[in-house]
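Numbering (this note's numbering), first residue to last: 3 to 272.
Beta carbons are placed, not taken as given, at the ideal position from N, Cα and C, and that holds for glycine.
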């Protein structure tokens with residue numbers, strides 16, 4: 003049952019780091035980020051399969067490069083990060099499917115990258131995901147005040163002497179690493195939902211940033227573990243079930259949200 007142990011560990015690590023980045027993405031209001039990074043990771047993994055090296059390495063490199071390019075291109079083009087992310091997303095998707103069509107031999111491994119295959123995740127992939135999760139949690143703990151300021155208002159953060167660009171674009175780069183390392187959990191087409199759903203569900207329930215991170219992590223990990231258990235019991239695709247569970251969590255949070263009953267409870271600083 004080592005495969006199940008790997009899957010459980012991946013669920014915990016992936017849930018924690020994806021939800022943390024998801025909170026940042028939600029508050030930064032860059033919804034294209036998760037979609038763009040997931041498709042960049044898919045492209046990098048396909049390049050890895052085509053060229054004969056580890057798909058995880060290809061995904062990490064592609065997402066890291068995407069994260070590094072978004073900021074400078076947006077600044078020099080005089081447009082928003084969302085626009086650049088949309089352009090990169092469409093280009094990455096087109097190139098990925100072009101390479102997929104040219105990929106020799108069976109395409110089962112490549113298809114796993116699209117839909118996810120958490121039950122086949124390796125110990126090495128779990129270790130990489132665990133290391134990235136630890137790094138994300140450590141960075142949040144050490145730079146919590148700076149990240150909080152940037153998330154709520156970049157201009158005020160810059161006026162306070164915080165290097166807002168470093169933290170803003172640093173979050174984008176780190177999000178790419180998180181998405182690429184988590185690609186096998188639900189796959190490239192669905193992983194953006196694990197960034198968005200838990201964070202937005204928690205946002206319906208919380209008014210403090212630190213509780214937002216904690217509750218989002220609990221929802222994400224719970225969604226992964228419940229989805230894993232249900233898919234194993236009923237022999238259905240794991241990634242799809244995880245996404246449906248996280249979507250149900252958001253729906254429940256929305257229905258019972260205390261914030262929805264108090265319209266003035268929007269963004270509150272901790």
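Measuring alpha carbon to alpha carbon, tell me which of 163, 8, 34, 26 ends up nearest residue 89. The residue you call residue 89 lines up with position 87 of the chain shown. For residue 89, the nearest C-alpha among the options comes from 34.
Own chain partners of residue 148 with C-beta closer than 6 angstroms, once the 5 adjacent residues on each side are dropped: The residue you call residue 148 lines up with position 146 of the chain shown. Taking residue 148 as the centre and dropping the five residues before and after it, the same chain places the C-beta of 164, 169 closer than 6 angstroms to its C-beta, in chain order.
Run the CB neighbour count on residue 4, radius 10 Å, all protein chains shown included, and call it buried at 16 or more, exposed below. Your numbering for residue 4 matches position 2 in the chain shown. It counts as exposed.
With DSSP as the reference, label residue 200 as helix, strand or coil. Residue numbering aside, residue 200 sits at position 198 when the chain shown is read from its first letter. Shown here, residue 200 sits in a helix according to DSSP, grouped into three states.
If residue 11 and residue 115 are in contact, beta carbons under 8 angstroms, what's the gap, nearest whole angstrom? On the chain shown, position 9 is the one that residue 11 refers to. On the chain shown, position 113 is the one that residue 115 refers to. About 20 angstroms separates the two Cβ atoms, so there is no contact after all.
Do three or more CB pairs link the segment 70 to 87 to the segment 127 to 138 at distances below 8 angstroms? The segment 70 to 87 is not in contact with the segment 127 to 138.
Which ranges would you report for the alpha helix (DSSP H) in the segment 78 to 113 if only whole runs of at least 4 residues count? List check, alpha helix (DSSP H) in window: 83 to 104.
Does DSSP put residue 237 in a helix, a strand or coil? On the chain shown, residue 237 is found 235 positions in, with the first residue counted as 1. If DSSP states are grouped into helix, strand and coil, residue 237 belongs with coil.
My understanding is that residue 2 touches residue 46, with C-beta atoms under 8 angstroms, so please give their C-beta distance in whole angstroms. With the chain running from 3 to 272 in the structure shown, residue 2 is simply not present.
Between the Cα of residue 206 and the Cα atoms of 221, 78, 195, 194, which residue gives the shortest distance? Residue 206 sits at position 204 when you count from the first residue of the chain shown. The option with the nearest alpha carbon to residue 206 is 221.
Within the segment 125 to 157, note down every full beta strand (DSSP E) run reaching 3 residues or more, in order along the chain. Unbroken beta strand (DSSP E) stretches of 3 residues or longer found wholly inside the segment 125 to 157: none.
Could you check how far apart the C-beta atoms of residue 26 and residue 178 are, in whole angstroms? I think they sit under 8 angstroms. The sequence position of residue 26 within the chain shown is 24, counting from 1. The sequence position of residue 178 within the chain shown is 176, counting from 1. With a Cβ gap of about 13 angstroms, residue 26 and residue 178 do not count as contacting.
Give the C-beta separation of residue 44 and residue 98 to the nearest angstrom, bearing in mind that I take them to be a contact with Cβ-Cβ under 8 angstroms. Along the chain shown, one-based indexing puts residue 44 at 42. Along the chain shown, one-based indexing puts residue 98 at 96. Yes, they are in contact, since the Cβ atoms of residue 44 and residue 98 sit about 5 angstroms apart, within 8 angstroms.
Cβ atoms of residue 107 and residue 188: under 7 angstroms apart, would you say? Position 186 of the chain shown holds residue 188. Position 105 of the chain shown holds residue 107. In this structure, residue 107 does not lie closer than 7 angstroms to residue 188 by Cβ.
With DSSP as the reference, label residue 208 as helix, strand or coil. Numbered from its first residue, the chain shown carries residue 208 at position 206. Looking at residue 208 - three-state DSSP - the assignment turns out to be coil, as it is neither helix nor strand.
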